[in-house]
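One structure below.
In this note's numbering, the protein residues as written are 23 to 153.
Below is the structure:
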């Protein structure tokens, strides 16, 4: 009886040590879909004006995260404003309020980026002016 118990215990332990991946077997190659709602294209803002970034992100799987960055077109390597939103499901409504900083002058580029669970990345950009 003890030998049967030992064999059962060993079998249970070995069956729990699988080398299979924990990721789902289904893969997704579709990028999330981003819709920028605001600011309106070709808008103009002055330093100190309130600005509201609004957008929708939809994906067939789960959204991992969304990044929202604002650049001066003269220096696209360094964002002036940057926001990060962890994923909350298959769709997200993003609304972020900000004040136009004095360092933002001329043509501005809003960079909206979404990445899903399978690391498919979508990017949407829009330009507007500020001074």
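Note that CB positions come from ideal geometry on N, CA and C, so glycine has one too.
Between residue 77 and residue 52, the beta carbon gap of about 18 Å keeps them out of contact (Cβ cut-off 8 Å). Taking a cut-off of 8 Å on C-beta distances, the segment 135 to 152 touches the segment 57 to 68, as three or more cross pairs fall below it. With contacts defined by Cβ atoms closer than 8 Å, residue 84 and residue 112 form a contacting pair. Runs of beta strand (DSSP E) with 3 or more residues, each lying fully within the segment 76 to 145, are found at 103 to 121 and 128 to 138, listed in chain order. Annotation: residue 64 to residue 138 spans about 29 Å, alpha carbon to alpha carbon. Judged by DSSP in its simplified three-state form, residue 147 adopts strand. Proximity to residue 74 across 89, 92, 117 and 88 peaks at 117, based on C-alpha coordinates.
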